[in-house]
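Some notes on the structure that comes next.
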Amino acid sequence: MMSNNPVLRVAVAVPLRALFDYLPPEGVNIGDLKPGIRLRVPFGRGERIAVLVEVVQQSEVAPELLKPVRQVLDESPLLESSYIEFLRWVAGYYHHPSGEVILSALPVYLRKGEPLVEKIEKAWQLTESGRALGPDQLKRAPRQQQIMQFMQSQQDSVSRQQLSENFDNFQAPLKVLVDKGFLQQTEKTKEQIPGHSTSPPPSLAVQQQQAVNSVLQQSGFQVSLLYGVTGSGKTEVYVAIANEILARGQQVMILVPEIALTPQLVSRIQARVSELLVTLHSGLSERERAYAWQEAVSGRARLVIGTRSAVFTPLLQTGLIIVDEEHDPSYKQQEGFRYSARDMAVALGKEKNCPVVLGSATPSFESLQNAYRRNYQLLKMTERAGNASLPSIELIDIRSVRLDGGFSPVTRRLIAEELEKDNQVMVFLNRRGYAPVLTCHDCGWVSQCHRCDARMTLHAGKNRLWCHHCGHQQPVPPKCPECG
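Here the numbering used here is used: the first residue of the sequence shown is -3, the next is one more, and so on.
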């Protein structure tokens, strides 16, 4: 027998592909329960945090087996119904349980059922010992002394941002001061600091301006592959496009492959835009990440910069998505819910009907193929910004050259010339064994594996040739098999 009363169909982060039905909690108006709110529900012998997907009038589960929701955690939805449907499509595309995919759109802090984060951030304040500390008591630790003098000059607690604006690499001495009992960690109201458009935008080169115009001329969804050599000024193209989108009152999402790239990009963009921006990456605490997520979802933060998982942030007014270094394998999640953030960004752009820019100096084969098939717009920038010259590349054939310490005479000469100029030289070695291949300098014979045709590596210690492709080994021939 099916239930005829309103039923709440929810998503739970469990490895099951089904959604689950529950009864509304007693005393709650069913009209107040909107898709996208969080619920606390009984599940098995415990309880789980769930997201309401839809309210249905019938359930295939017998009424006596339906359990009521234990707690409604939100007054208003955290996820829009259209975005939930998009996540269900993503779950089907990647063949992953929809509950885990939908819950992954929430920060870990909110997935635990915690309340929305207020405007707070980490801060540090003086202890009684810190207030009583004399000016010369830390003479042997000048960095600690400088931080303590700064702290003693402040009327209130000091945030991480205030410390970073006044000191470089303050984390280590700050930790020592906390361990010594001079400072203690606390929290304070977070001041919303927008970007500072302190420097005028540079004049764009012809190719840069053409790329900007090509993206902005498109209406609605369009993927553009920005294929620019290293140093061609792709970041300035991103900023120019983003500024135009922000001027229209829309939001911009920029994805970067690694946490290490985030501060560099943020500092460059902050100097160009005046809108509030937030960052989303695993280097933030759970509360900090949840707060940044809330700022982005509410629309207060107009610009979002983050790593792979930031693609799950449901912006209120998405106007542009940029994926920097789109070829980077870091965009692929390899554990749990396996997905490609780059491909999800393209799908999200289609869902939001907004342009997507994929940037790289070495685009992936997938993106190049899409560009050559005209699925993507190909934008090439072949010149470096500021008339900088491209590096010269020379391939040296060493098959007929006797090597000295692994170097050809030409290579040794070029290295010596740079060292005489007091320049530095970087040599990359990418091999296993004594030498990557055994070669005859008289006839050009190369040691190849007779089983798979790969080149065999010379291991001088064992006097053997070893194929690292199929594992075949053989002794080093006493003389050249070809010319003797």
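For glycine and all other residues, C-beta sits at the position ideal for the given N, C-alpha and C.
In this structure, does DSSP put Pro474 in helix, strand or coil? What you label residue 474 is simply residue 478 of the sequence shown in a count that begins at 1. It is coil, neither helix nor strand.
Run through the DSSP bridge pairs and tell me what Asp400 is partnered with. Working through the sequence shown from its first residue, we reach residue 400 at position 404. Phe403, per the DSSP bridge assignment.
With DSSP as the reference, identify every bridge partner of Val52, one or two as the case may be. On the sequence shown, residue 52 is found 56 positions in, with the first residue counted as 1. According to DSSP, Val52 bridges with Val3.
CA-to-CA distance, Arg156 to Ser263, given in whole angstroms: The residue you call residue 263 lines up with position 267 of the sequence shown. The residue you call residue 156 lines up with position 160 of the sequence shown. One C-alpha to the other measures close to 16 Å.
Kindly give me the distance between the Cβ atoms of Leu261 and Val252, rounded to whole angstroms, as I take these residues to be in contact under 8 Å. Stepping through the sequence shown from its first residue, residue 261 is reached at position 265. Stepping through the sequence shown from its first residue, residue 252 is reached at position 256. About 6 Å separates the two Cβ atoms, so the contact holds.
Kindly give me the distance between the Cβ atoms of Arg36 and Gln67, rounded to whole angstroms, as I take these residues to be in contact under 8 Å. As a first step, residue 36 is located in the sequence shown; it is residue number 40 there, counting from the start. As a first step, residue 67 is located in the sequence shown; it is residue number 71 there, counting from the start. Going by Cβ atoms, the distance from Arg36 to Gln67 rounds to 4 Å, so yes, they are a contact pair.
Can you name the start and end residues of the beta strand (DSSP E) that Trp462 belongs to? As a working note, residue 462 is residue 466 in the sequence shown. Run containing Trp462: Arg460 to Trp462, per the beta strand (DSSP E) assignment.
When DSSP builds the beta bridges, which residues end up paired with Thr182? By 1-based counting over the sequence shown, the position of residue 182 is 186. Looking at the DSSP assignment, Thr182 forms a beta bridge with Ala119.
Compare the C-alpha of Pro11 against each of Asn165, Glu96 and Leu19 and name the closest. Taking the first residue of the sequence shown as position 1, residue 11 is located at position 15. Taking only the C-alpha atoms, the option nearest Pro11 is Glu96.
With burial defined as no fewer than 16 other Cβ atoms inside 10 Å of the residue's Cβ, what is the status of Ala168: buried or exposed? Translated into the one-based positions of the sequence shown, residue 168 becomes position 172. When all chains shown are included, Ala168 counts as exposed.
Applying the 10 Å Cβ sphere with the 16-neighbour rule, what's the burial state of Ile189? By 1-based counting over the sequence shown, the position of residue 189 is 193. Low local confidence applies: a pLDDT of 49 at Ile189 is under 50, so the model's placement there is unreliable, and no value is given.
Whole alpha helix (DSSP H) elements within the segment 331 to 398, 4-residue minimum: 337 to 348 and 361 to 368
Between the CA atoms of Ala101 and Arg296 - distance to the nearest angstrom: Here residue 296 corresponds to residue number 300 of the sequence shown, with the count starting at 1. Here residue 101 corresponds to residue number 105 of the sequence shown, with the count starting at 1. Rounded to the nearest angstrom, the two C-alpha atoms are 18 Å apart.
Under the three-state DSSP convention, the category Val10 falls into: Start at 1 with the first residue of the sequence shown, and residue 10 comes out as number 14. Val10 falls in the coil class under three-state DSSP.
Three-state secondary structure (DSSP) at Met452? Along the sequence shown, read from residue 1 onward, the residue named residue 452 stands at position 456. Reduced to three states, the DSSP call for Met452 is coil.
Rounded to the nearest angstrom, how far is the Cβ of Ile241 from that of Leu316, given a contact under 8 Å? Locating residue 241 in the sequence shown gives position 245, where the first residue counts as 1. Locating residue 316 in the sequence shown gives position 320, where the first residue counts as 1. With 8 Å as the limit, Ile241 and Leu316 qualify as a contact, their Cβ atoms being about 4 Å apart.
Are the segment 232 to 239 and the segment 203 to 220 touching by the rule of at least three beta carbon pairs closer than 8 Å? yes
Touching by the beta-carbon criterion (3+ pairs, under 8 Å), the segment 347 to 358 and the segment 381 to 389: no
Could you give the residue range of the beta strand (DSSP E) that holds Ile301? Working through the sequence shown from its first residue, we reach residue 301 at position 305. Unbroken beta strand (DSSP E) run through Ile301: Leu299 to Gly302.
Buried/exposed call for Phe82, threshold 16 Cβ in 10 Å: Taking the sequence shown and counting its residues from 1, the one referred to as residue 82 is at position 86. Burial call: buried.
Below 8 Å, can you find three or more Cβ-Cβ pairs linking the segment 354 to 361 to the segment 319 to 333? yes
Give the secondary structure of Pro38 by DSSP, where H, G and I count as helix, E and B as strand, and everything else as coil. Translated into positions along the sequence shown, residue 38 becomes position 42. Strand at Pro38.
Could you say which of Thr378, Pro111, Glu60 and Thr309 lies nearest to Asp70 if we only look at CA atoms? To locate residue 70, count along the sequence shown from 1; it is residue 74. Of Thr378, Pro111, Glu60 and Thr309, the residue nearest in Cα terms is Pro111.
Whole angstroms are fine: how far does the CA of Ser336 sit from the CA of Phe39? Counted from its first residue, the sequence shown places residue 39 at position 43. Counted from its first residue, the sequence shown places residue 336 at position 340. Rounded to whole angstroms, Phe39 to Ser336 spans 31 Å at the Cα level.
Along the chain, where does the alpha helix (DSSP H) that runs through Phe486 open and close? Because the chain here runs from -3 to 480, residue 486 falls outside it and cannot be looked at.
I need the straight-line Cα distance from Leu17 to Val113, nearest angstrom please. Taking the sequence shown and counting its residues from 1, one reaches residue 17 at position 21. Taking the sequence shown and counting its residues from 1, one reaches residue 113 at position 117. At residue 17 the sequence reads Asp, which differs from the Leu that was named. Roughly 29 Å separates the two Cα atoms.
First through last residue of the beta strand (DSSP E) which encompasses Gln502: This structure leaves residue 502 out entirely; the chain is present only between -3 and 480.
What three-state label does DSSP hand Phe146 in the structure shown? On the sequence shown, position 150 is the one that residue 146 refers to. In the structure shown, Phe146 sits in a helix (DSSP, three-state: H, G or I).
Rounded C-alpha distance that separates Arg5 from Leu344: Within the sequence shown, residue 5 is the residue found at index 9, counting from 1. Within the sequence shown, residue 344 is the residue found at index 348, counting from 1. The alpha-carbon atoms of Arg5 and Leu344 are separated by roughly 24 Å.
Bridge-paired residues (DSSP) for Ser155: Taking the sequence shown and counting its residues from 1, one reaches residue 155 at position 159. Paired residues: Ala119.
Alpha carbon to alpha carbon, how far is Pro93 from Leu99? Give it in angstroms, no decimals. In the sequence shown, the residue the question calls residue 99 occupies position 103. In the sequence shown, the residue the question calls residue 93 occupies position 97. Rounded to the nearest angstrom, the two C-alpha atoms are 10 Å apart.
Kindly list the residues whose CB is nearer than 7 Å to the CB of Gly467, restricted to its own chain and excluding five residues on each side of it in sequence; keep chain order. Numbered from 1 along the sequence shown, position 471 holds the residue referred to as residue 467. Within the same chain, Gly467 has no close Cβ partners at all.
Three-way DSSP call (helix, strand, coil) for Leu273 in this model: In the sequence shown, the residue the question calls residue 273 occupies position 277. Strand.
Span separating the alpha-carbon of Gln470 from that of Trp462: Residue mapping note: residue 470 aligns to position 474 of the sequence shown, counting from 1. Residue mapping note: residue 462 aligns to position 466 of the sequence shown, counting from 1. Those two C-alpha atoms are separated by around 7 Å.
Give me the DSSP bridge partner(s) of Ser17. Here residue 17 refers to the residue found at position 21 when the sequence shown is read from its first residue. One point to set straight first is that residue 17 is Asp, not Ser, in the sequence displayed. The partner list for Asp17 (beta bridge, DSSP) reads Arg5.
Going by DSSP in three states, Pro64 sits in which element: helix, strand or coil? Taking the sequence shown and counting its residues from 1, the one referred to as residue 64 is at position 68. Reduced to three states, the DSSP call for Pro64 is strand.
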